[in-house]
Amino acid sequence: MSETTVMINGIPISVPEGTSILHTAQKAGIKIPTLCFHPDQEVKANCRICVVEVEGQKNLMPACATKVNEGMTIKTATPRVLEARRTILELILAHHPQDCLHCVRSGSCELQEIASEYDVRYNRFPQVEADLLLDYSSPSIVRDPNKCILCGRCIEFCTSKQTVNALGLAHRGFDAQVVPSIGQELFESPCVMCGQCIHACPVGAISGREQIDEFMTVAADPEKIVVTQIAPAVRLAIAEAFGADRDQLQMGQLVSALKMLGFDHILNTNFAADLTIMEESQELLERIRNGGVLPMFTSCCPAWVRFAEVFYPDYLNHLSTCKSPQQMFGALVKTYWAEKMSIHPDKIFSVSIMPCTAKKYEAVRPEMTDSDYSDVDMVLTTREIVRLLQMTGINPLKLKETAFDPWMGEYTGSAVLFGASGGVMEAALRTVYEKVTGRVLEELDFTDVRGMDSLKEATIDLDGTIVKVAAAHTLGNARALMDEVAAGTSPYHFIEIMACPGGCIGGGGQPITRSNVQREQRMEAIYVEDRSKTLRKSHDNHEIQMLYTDFLQETLGHRSHELLHTQYSLKRKNP
Amino acid sequence: MHSLNEMRHQFRSAYEESQHHIKVVIGLGTCGIAAGGEKIWEAVSRYIETHGAEVEMMSTGCIGMCYAEPLMEVHMPGQPRFIYGNVKPEAAVAILQKHLAEGKPSPEYIIAQDSRGYEAAANIVKLEETPFYQGQVKNVLGRCGIIDPDQIVQYITFSGYEALEKVLSSLTPFEVIQEISKSGLRGRGGGGFPAGRKWEASYHSPGSKKYVVCNADEGDPGAFMDRSVLEGDPHSLLEGMAICGYAIGADEGYIYVRAEYPLAIKRLKKAIRDAESMGLLGNNILGSGFSFKIQIAAGAGAFVCGEETALMHSIEGKRGMPRVRPPYPAQSGLWGKPTNINNVETYANVPGIIRQGAAWFASMGTENSKGSKVFALTGKINRTGLAEVPIGISLRDIVFKVGGGIQNGKRYKAVQIGGPSGGCIPESLLDTPVDYDSLLQLGAMMGSGGLVVMDEDTCMVDVARYFLHFTQEESCGKCAPCREGTMRMLQILEKICDGKGTPTDLDTLESLCRVVQSTSLCGLGQSAPNPVLATLRYFRSEYEAHIYDKKCPAGVCVELLDIKIDADKCKGCTLCADVCPVGAISGERKKPHVIDADKCIKCQACMVKCKFGAIAKG
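One line per chain: the protein sequences are V and A, in this order.
Using the working numbering, read the first sequence as starting at 3 and increasing by one per residue.
Using the working numbering, read the second sequence as starting at 138 and increasing by one per residue.
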């Protein structure tokens, strides 16, 4: 690509042709403020905060949407530019609540950041607040339309990347609002609760449903035995939130921290991830051997399951009947584990710690009571755990390691992989290969299904049976694969879907994530942890082996069916 | 290729033959209907039926003289056409009766005679000699009010589809574009972008699928030029669009017309059907191999949908919101395909240019603004209506010659040109030639052609407030400066009108104008400050009077009015006290009354009621 040379604030700089003024300025070391701009989205040019002067242009130009051309003279710091930016900021702030002190996004708010940089000390415009009702309808997501600055980033993610279209714009001008596309409340819309709108939102207009207070009440109850499971993508994000390298925080340190927070027993979702591989790989093999419905899709992502239920109800038999690791764990903790520990299941309060907002919804699905109790009583997201740790002043990085509690705490490298897109597939292939061929798999890394590409494919030869697999993340890509299934043209046997970019490491419950670059780094941390494990194949997990010997007897057996599998159904509307 | 010549010849003979019949023509555009045209139609047809009179009836579109609607024209064989205005149903019947019985016109209702082709009647002004018509040229409006818009035959009779036939038989697409470029035609919808250059951009855009879109979303308050063309001569638009389709290589067209124009939609639909059935639209037009279909998309009446990218979103079924350009529609328009978009008047000019040549068109107008422009005259002007004038004519000529000056002998104050996106022009600049560039220099713009005339009783701050109220309501809400800024400008203007303005408000207002103008995403926001900027530029003293003296010089802003009874003139008749809705007036019978200023709501009912002129506002 050819280079274009432009003058920016009097300094010549060369950038590839077609570069935006925004990126050109960045390269020149000049920060231009943005609100509606998102590095992983289309340019919207709504907020106009990034305007600059371009010689020869009557109006100020949005830096995000204007591409440089040869010889362009750009000025980013003139009084005219500053007047425009500050006026726009004042306008937005005068129509935005002033409760920054107790806003969920205080400290991570992009508007707050710019207002502080632009030294907005008073506002020429009188404060007008819309006084709209907050939307608490969803178990996963809270909307505060009063705080919305109409940048459109949530809509764009939901529409373009997820093709869910749960959000849209209503009303006009000063009264314009982001609203659920159908119904009055978000839970009436087709929302799948992936929570990516939370990351897309630059302010506090969309946030996760928090259950910190409820947790503290339960933790204080001496009658309750609080048991937790922790998901593979959580650890590295907590390290991130404490400003450390992602692999610096050890699982054992996190166990110590959680004990301090009031959890009585710390177990591991990774254990259930290994269990999922045992069941799901068996299901796949049986489908292939018995001419069952193919391709089979993974069912561990609750946002994806709901997406399939809402948009592809006729093809739900393509989903694996396996519950997600969270729910397998939930069903076992109040049966198998309670028995092992001689604790009455009545007393167990099962909390899972997840990188995910949709897990909160999954836990309250009516079918998730196979233990005769609510299998999972509460889901806390990574963000909530970080908040609890901050509140209690506990820095897990400074703690000594403690071991997981027994029976459901051991895990292999395969389980860790669940945190990254392609990981379930990779873990399943490790087990399927050894099950079918009876040989030891030497090269464990299936790099074809790794990384941030939207669709990753691999083919493996199981002694003559060629199995074609795919892994996709974000639901727009899932839709494309599902459409192939509907058209009868899908070439695959097994497909993994994760609703969030990069998989669970990019989940809706993770600390606010501003770009996919961050998600790619988290993915890398997952592979590092996998490599660090001595056991890297699910079927090698001793506690899993014990579970089958002592309790389940066989994969896809009677007890498995009772506790670990379920059927999905058409969801036109939420309950 | 088939030729229309023979058909046209036949139609022409039939038309000439019909001139030997007695004919009554009634203006049934929206303006005519609103003024009672349909009642005239009913009364006349009932009369014809009951008396078995051999009279043909015909409806037509708007001839431009909205001030004189309902209009009726009577044509007796061998006589000029007599045009009557402001007729009532009974009068219409009487006029016809007199024609039938005595062969004579009724002078009390007559407006003019159209004596073309006939010997003129004595003592009746000729249409082209009426002050309203003098100075006008009729290109786009040539057939409006003359032909029956529902009759394709009449359109063809009057040279209709001649231009389409010409391009299909003898011009290459690029030659058509060159002709349009040479004519100097500029977009009539607002910005005035050269039409030829726009067409050329779409022509050069690669792709086998292209669209022609007509912007008929006429949304400026006080603008109805396009509606008149749609209602009065719909085929001229269809022909212009088809020629554009041929030139840029499109086979499909959309007319985006606001749903508030039901009659226009009805007539367009019929016109499209008729043109299709005669092979003038649809597949293989006139056997030339060129195919072009036109569909109608009805808009829900959002002003912002006049912005081209918002308009296309609306056609696509999305929320009507503009998007950032580039890419321009010529590269990526409707459904991502190259699209040429012009407004009604622009396309309606095309057949004339092709038929009579670029040079003919370029002979009218000024150096950079060619041809003629239709204006809708409204407000405090004597002759409201539609006037088509050569570009470059002075505003003074439009307002005082064509429009007949200000109503009730009041003083001219300003004219708002270009609607809510335009600006006002004071008396001192009335001799400015009306063309795209001169108007821009004055802080106004040609816009689509709405001219709202204001007299001395108009408060210019209130005018700015009115237009900001409009743009603020019509802002789509997409970009921050327009969404938030127009509201804040309105708030400040309301504050000033309420007498609560402070000197800093003017600074804030001007700062907002600068920012909203230079940072908004689309033309709506970029031009929203124009009415404020123009009134500040030419009538700043009025703002200052509101702010410093707490006075509204025009006596419009209610909060600043002081209503007083002149004790010398008051006879103590008590009428004012009786009519006051809030009991603010007191006084003994036959003694001067007084108004309690704290109670007075300034409704001015007492002023209207007082027979002695004793109550005045100030």
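Backbone N, C-alpha and C define an ideal beta-carbon position, used for all residues, glycine too.
Cβ-based burial, residue i [other Cβ within 10 Å; buried from 16]
| i | result |
| --- | --- |
| residue 549(A) | buried |
| residue 351(V) | buried |
| residue 502(A) | buried |
| residue 540(V) | buried |
| residue 108(V) | exposed |
| residue 488(V) | exposed |
| residue 685(A) | exposed |
| residue 271(V) | buried |
Where residue i sits in the DSSP three-state scheme
| i | result |
| --- | --- |
| residue 738(A) | coil |
| residue 524(A) | strand |
| residue 479(A) | strand |
| residue 672(A) | helix |
| residue 251(V) | coil |
| residue 622(A) | helix |
| residue 514(A) | strand |
| residue 113(V) | helix |
| residue 546(V) | helix |
| residue 498(V) | strand |
| residue 342(A) | coil |
| residue 502(A) | strand |
| residue 353(A) | strand |
| residue 166(V) | coil |
| residue 194(A) | strand |
| residue 577(V) | At residue 577(V), the pLDDT of 46 sits below 50, so the modelled position is not reliable; the number obtained from the coordinates is stated separately. Coil. |
| residue 42(V) | coil |
Within 8 Å, strictly: CB atoms of residue i and residue j
| i | j | result |
| --- | --- | --- |
| residue 486(A) | residue 277(A) | yes |
| residue 126(V) | residue 645(A) | yes |
| residue 267(A) | residue 145(A) | no |
| residue 380(A) | residue 481(A) | no |
| residue 388(V) | residue 498(V) | no |
| residue 372(A) | residue 484(A) | no |
| residue 462(V) | residue 469(V) | yes |
| residue 457(A) | residue 659(A) | no |
| residue 227(V) | residue 390(V) | no |
| residue 197(V) | residue 359(V) | yes |
| residue 394(A) | residue 431(A) | no |
| residue 538(V) | residue 415(V) | yes |
| residue 652(A) | residue 47(V) | no |
| residue 558(A) | residue 327(A) | yes |
Per-residue contacts from residue i into chain B (C-beta, under 9 Å)
| i | result |
| --- | --- |
| residue 85(V) | Note that chain B does not occur in the displayed structure, where the protein chains are V and A. |
Cβ-Cβ separation, residue j to residue i (assumed contact under 8 Å), whole Å
| i | j | result |
| --- | --- | --- |
| residue 247(A) | residue 270(A) | About 15 Å separates the two Cβ atoms, so there is no contact after all. |
| residue 387(A) | residue 435(A) | With a Cβ gap of about 21 Å, residue 387(A) and residue 435(A) do not count as contacting. |
| residue 157(V) | residue 171(V) | 7 Å |
Residues of the region 104-115 of chain V whose Cβ lies closer than 8 Å to any Cβ of chain A, in chain order: none
Residues from the region 610-626 of chain A in contact with chain V, defined by Cβ distance under 9 Å: 610, 611, 612, 613, 614, 615, 616, 617, 618, 619, 620, 621, 622, 623, 624 and 625
Where the region 299-328 of chain A meets chain V: residues whose CB sits under 8 Å from a CB there: none
Residues in the region 658-683 of chain A having any Cβ partner in chain V nearer than 8 Å: 658 and 663
Chain-ordered residues of the region 574-591 of chain A with a beta carbon less than 8 Å from chain V: none
Interface positions of the region 451-462 of chain A facing chain V (Cβ-Cβ less than 7 Å), listed along the chain: 456 and 461
Selection of the region 167-178 of chain A by Cβ proximity to chain V, strictly under 8 Å: none
Chain A contacts from the region 89-102 of chain V (Cβ-Cβ distance under 8 Å): 89, 90, 93, 94, 96 and 97
Residues of the region 170-193 of chain V with Cβ closer than 8 Å to any Cβ of chain A, in chain order: 170, 171, 173, 174, 175, 176, 177 and 178
Residues, ordered as in the chain, of the region 53-82 of chain V that lie near chain A by beta-carbon distance below 8 Å: 53, 60, 61, 62, 64, 67 and 82
Contact set between the region 138-154 of chain V and chain A, restricted to residues whose Cβ is under 7 Å from the partner: Those would be 152, in chain order.
Residues, ordered as in the chain, of the region 356-369 of chain V that lie near chain A by beta-carbon distance below 7 Å: none
Selection of the region 625-646 of chain A by Cβ proximity to chain V, strictly under 7 Å: 625 and 645
Positions along the region 38-52 of chain V whose CB lies within less than 8 Å of some CB in chain A: 45, 46, 47, 48, 49, 50 and 51
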